[in-house]
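Reading through the structure tokens given below for one structure.
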Amino acid sequence: MNQTIIQLQSLHLINFKGVEDFTLELNGKNADVYGRNATYKSTIYNSSQWLLFGKDSDGRSDYQIKPQDKDGNEIHHLESSVEGIFLVNGKSLKLKRQLSEKWVKKRGSQETIFDGNETSYWVNDVPVKAKDYVLEINLLIKENIFKLLTNPLFFNTDGKGWTWQERRKILFEISGNLSDSGVIDSCVTASDKSMLDLLTVINSGRTIENHKLVIAEKIKNTKKDLDGIPARISEQQRSISVDEVDYTAIETSLQEQKATLQGIELELATNAQGASLYRQKQQQAYALQNQINGRKLELEVKAGAESKKLVDEKANLEGEKYSISKEVSRLGSNSLVRIAELDAIAGKIIELRKEWSEENSRQFVAPEGFNCPTCEQPLPEGKTQEKIDKLKENFDKDKVQALASIRAKGKDKAARAEVLNEEKEIDSASLSTLEESLKRINIRLSELETAITEQQQPTVVNYDADSTYSVFKATLDRINVELDKPVEDTTTEILARKQEIADTIEALNKTLNQKEVVEKAHIRINELKAEESKLAQELSEYERHDFLIKQFTSAKVKMLEDRINSKFETVKFKLFDTLNDGTEKEVCRTLVDTNGVLVEFDGANNGGKINTGLEIINLLSEFYGVSCPIFVDNAESLSSFVGVNSQVIKLIVSVEDPILRVEVQE
């Protein structure tokens, strides 16, 4: 690499801080600058920084460079400037930066007022704009590189925009590339080839650093998932009842309750057929009475065969009388119902006749005064009559419709009354016939009773001793008791029982539903346990990779530190700290050789710091391919200096020199 050599020929300061006018003539040589404290030795280095970059050695752009009086106030109407002549590879480069005050007059005033400062620039005596001046400097050297190569303390001192991370970055750039695969190869042994897993990662296109981030995230997420599984298992376990439930018994009970519900549904249907059942019982009663009469006759015949004919006729007539009596009772009940309905119809017909008369007598009355709906003015006479005619037409139409409706209702009622009267006449005729039959039967029964009595004294028969008679009689008595009872509507009671059974079925279904929940909970618990086992295996694999990465990092750390430190004679760098958990923490600590003992830069003496900085500058100068004038402040603290390949300006405190004294080394 071609080396760019920058040498300082001269530096001319005018009104720069406390320096009124001073010229440092070096002609590219090394020099020692002597002076007491506060004789502006450090100002010389700061002036070179301001000349090139507009900042002081600490990187401050608001650096106060204008002269001040004893009270600390700026001295106005002065121009502050720094002019430097450099040799760049033997070619002269003249640079100048000047700070001037602006004084202006306000309109209407004779006095001038201070209106800020302005900076002017020259390159080889040619005035240029700020951007062109900056471009010229950047083509020569970058600001940070200039500071690194001109100040022995800059590299190891944190400051504005300069941190240990920047130092570390530069050291790695200097040491050159160290491939991850090379580090892995150095770790693989015949007995341990586990590090080859990381080589597979690299070959897949992922860097070790990225793999470290991926593994760290996977470990974090997997641990989080693992930590959450016990709670998820507990949640499932809470859904399982502590008491064991006999679900088979529950299912059996459910089927029984459903069967009961079907029976209730059938009972409801049967209850709806109550009237039909009542008629059936009546018919059973008629039949049983005939059977009883027949059986009695048979018993009586056995008791006295001679009166069989009369007794037989009597029995038949009594059966016929019983049937006719029941029918008479039914016809009487029907007649009462029809009479009540006919009375209601008669009353309704009277109301309809009155309503028809009132509607028929209603006459149209024309309203007075019609106004226009828009302007509210009375309508013309022709329009008024037209409006009245329309209203009358509507009135007549409504009246006709109303009368027709009333007439239709009356006809309906009259037709219904006619039907009822016909039914009434039919039942009345039937009732008269039945009553005549009853009279005839009663007369004949009386005659038979007399005849039987006269013919012979009837034999006393114990009917109850006959089992057939007793069964017939008991059955008839039971049916008659049921017929005599008022018909009860048990629908409400049945519905209540139905609801009770339905509630029981619902409760049983809920219990069975819980069975499904419990089964699902058990399945889910097993799934979670399987997931827990799988995650534990995954975590173990991730942690194995994490361990390999730590091994890799430790090996790479040592190789990097060895490679970087091999480039220095006395200076050493610590680039990693090993933490308690075995991980490597990135650092950048400069270790200074102090009488054979390495101490951190901040704890070294000033001389050790300067020589360390000079040794670093030598390497940086070689790396960047440029050498610059080095300003060594407090150079009196060193008895010997590290040899450098750059121009050196030593700033030495000397109580014997009240003003600056310069000795140029030939």
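In the working numbering, the protein residues as written are 5 to 670. Every residue, glycine too, gets a C-beta built ideally from N, C-alpha and C.
On the DSSP bridge assignment, give the partners of Leu15 in chain order. Stepping through the sequence shown from its first residue, residue 15 is reached at position 11. Note: Leu15 sits in a beta bridge opposite Leu28, Gly88.
Taking Cβ to Cβ, would you say Asn609 is nearer than 7 Å to Asn638? Residue numbering aside, residue 609 sits at position 605 when the sequence shown is read from its first letter. Residue numbering aside, residue 638 sits at position 634 when the sequence shown is read from its first letter. For Asn609 and Asn638, no; Cβs fall outside 7 Å.
Could you tell me the boundaries of the alpha helix (DSSP H) in which Leu595 lies? In the sequence shown, the residue the question calls residue 595 occupies position 591. Taken as a continuous stretch (DSSP letters only), Leu595 belongs to no alpha helix (DSSP H), being part of the beta strand (DSSP E) at 588-598.
Distance, Cα to Cα, Arg171 vs Phe158? As a first step, residue 171 is located in the sequence shown; it is residue number 167 there, counting from the start. As a first step, residue 158 is located in the sequence shown; it is residue number 154 there, counting from the start. Taking the straight line from one Cα to the other gives about 10 Å.
Are the Cβ atoms of Ser113 and Gln102 separated by less than 7 Å? Indexing the sequence shown from 1 puts residue 113 at position 109. Indexing the sequence shown from 1 puts residue 102 at position 98. Result no, Cβ atoms of Ser113 and Gln102 do not sit closer than 7 Å.
Between the C-alpha atoms of Ile621 and Asn19, what's the straight-line distance to the nearest angstrom? The residue labelled residue 621 in the question sits at position 617 within the sequence shown. The residue labelled residue 19 in the question sits at position 15 within the sequence shown. Cα to Cα, the separation comes out at about 32 Å.
Can at least three beta-carbon pairs, one atom from the stretch 254-268 and one from the stretch 506-518, be found at a separation below 8 Å? yes
Nearest by alpha-carbon distance to Asn155: which of Asn214, Ser61, Asp661, Glu670 is it? By 1-based counting over the sequence shown, the position of residue 155 is 151. Considering only alpha carbons, the answer is Ser61.
Reduced DSSP secondary structure (H/G/I, E/B, other) of Arg64: Here residue 64 corresponds to residue number 60 of the sequence shown, with the count starting at 1. Three-state result, Arg64: coil.
What first and last residue would you give for the beta strand (DSSP E) that runs through Ile656? Reading the sequence shown from its first residue, position 652 is the one you call residue 656. 652-657 is the span of the beta strand (DSSP E), which, as asked, contains Ile656.
Pick from Leu17, Gln11, Arg593: whose alpha carbon is nearest that of Lys33? Sequence index remark: in the sequence shown, residue 33 carries index 29 (1-based). Comparing Cα positions, the closest option is Gln11.
Thr256 by DSSP, collapsed to three states: which one? If you number the sequence shown from 1, residue 256 lands on position 252. Thr256: helix per DSSP, three-state reduction.
Tell me whether the beta-carbon of Tyr38 lies closer than 7 Å to the beta-carbon of Asp661. For the purposes of this step, residue 38 is taken as residue 34 along the sequence shown, with counting starting at 1. For the purposes of this step, residue 661 is taken as residue 657 along the sequence shown, with counting starting at 1. Using a Cβ distance threshold of 7 Å, Tyr38 and Asp661 count as a contacting pair.
Three-state secondary structure (DSSP) of Leu217: On the sequence shown, position 213 is the one that residue 217 refers to. Leu217: helix per DSSP, three-state reduction.
At which residues does the alpha helix (DSSP H) containing Leu143 begin and terminate? Counted from its first residue, the sequence shown places residue 143 at position 139. Counting along the chain, the alpha helix (DSSP H) containing Leu143 begins and ends at 134-144.
Host alpha helix (DSSP H) of Tyr44 (start-end): Against the sequence shown, residue 44 aligns to sequence position 40. Per DSSP, Tyr44 belongs to no alpha helix (DSSP H) and is neither H nor E.
Endpoints, alpha helix (DSSP H) assigned at Tyr473: Counting from one through the sequence shown, the residue named residue 473 turns up at place 469. Where Tyr473 is concerned, the enclosing alpha helix (DSSP H) stretches over 471-488.
Once you ignore the five residues that flank Glu363 on each side, which residues in its own chain have a CB closer than 7 Å to its CB? Start at 1 with the first residue of the sequence shown, and residue 363 comes out as number 359. The answer, listed in chain order, is Lys403, Ala406, Leu407, Ile410.
Would you mind stating whether Gln7 and Gly647 have Cβ atoms separated by less than 7 Å? Here the question's residue 7 lines up with position 3 in the sequence shown. Here the question's residue 647 lines up with position 643 in the sequence shown. Result no, Cβ atoms of Gln7 and Gly647 do not sit closer than 7 Å.
Beta carbon of Glu640 nearer than 7 Å to that of Ile656: Translated into the one-based positions of the sequence shown, residue 640 becomes position 636. Translated into the one-based positions of the sequence shown, residue 656 becomes position 652. Yes, these two residues count as a Cβ contact at 7 Å.
Quick check on Pro131: does DSSP put it in helix, strand or coil? Counting from 1 along the sequence shown, the entry for residue 131 is found at position 127. In this structure, Pro131 counts as strand in the three-state DSSP scheme.
Lys106: first and last residue of the uninterrupted beta strand (DSSP E) it sits in: As a working note, residue 106 is residue 102 in the sequence shown. Per DSSP, the continuous beta strand (DSSP E) segment holding Lys106 begins and ends at 95-109.
I'd like to know if the stretch 280-294 and the stretch 472-492 are in contact, where contact means that at least 3 CB-CB pairs between them fall below 8 Å. yes
Can you tell me the Cβ-Cβ gap for Lys578 and Val591, rounded? I've got them flagged as a contact below 8 Å. For the purposes of this step, residue 578 is taken as residue 574 along the sequence shown, with counting starting at 1. For the purposes of this step, residue 591 is taken as residue 587 along the sequence shown, with counting starting at 1. At roughly 6 Å, the Cβ-Cβ gap stays under 8 Å, so Lys578 and Val591 are in contact.
Starting from Thr515, trace the alpha helix (DSSP H) both ways and give me its first and last residue. Residue 515 sits at position 511 when you count from the first residue of the sequence shown. Here the alpha helix (DSSP H) through Thr515 covers 495-569.
Please classify Trp54 as buried or exposed, where buried requires at least 16 other C-beta atoms within 10 Å of its C-beta. Here residue 54 refers to the residue found at position 50 when the sequence shown is read from its first residue. Burial of Trp54 is indicated by the presence of at least 16 other C-beta atoms within 10 angstroms of its C-beta.
7 Å CB neighbourhood of Ala35 in its chain, flanking five on each side removed: The residue given as residue 35 occupies position 31 in the sequence shown. Contacts found: Ile653, Val666, Glu667, Val668, Gln669.
Output the distance between the C-alpha atoms of Gly165 and Lys146, rounded to the nearest integer angstrom. By one-based count along the sequence shown, residue 165 stands at place 161. By one-based count along the sequence shown, residue 146 stands at place 142. Cα-Cα distance, rounded: 14 Å.
Quick one: residues in its chain with C-beta nearer than 8 Å to the C-beta of Leu602, no 5 flanking neighbours on either side, listed in chain order? Position 598 of the sequence shown holds residue 602. Closer than 8 Å at the Cβ level, and outside the excluded window around Leu602, lie Lys576, Leu595, Val596.
Lys106 and Glu122 closer than 7 Å at C-beta: For the purposes of this step, residue 106 is taken as the residue at position 102 of the sequence shown. For the purposes of this step, residue 122 is taken as the residue at position 118 of the sequence shown. Yes, the Cβ-Cβ distance between Lys106 and Glu122 is below 7 Å.
Out of Ala42, Glu239, Ser51, which has the shortest C-alpha to C-alpha gap to Ile529? Residue mapping note: residue 529 aligns to position 525 of the sequence shown, counting from 1. It is Glu239 whose Cα lies nearest to the Cα of Ile529.
For His215, does the count of other Cβ atoms within 10 angstroms reach 16, so buried, or fall short, so exposed? In the sequence shown, residue 215 corresponds to position 211, counting from 1. His215 is buried by the Cβ-count criterion.
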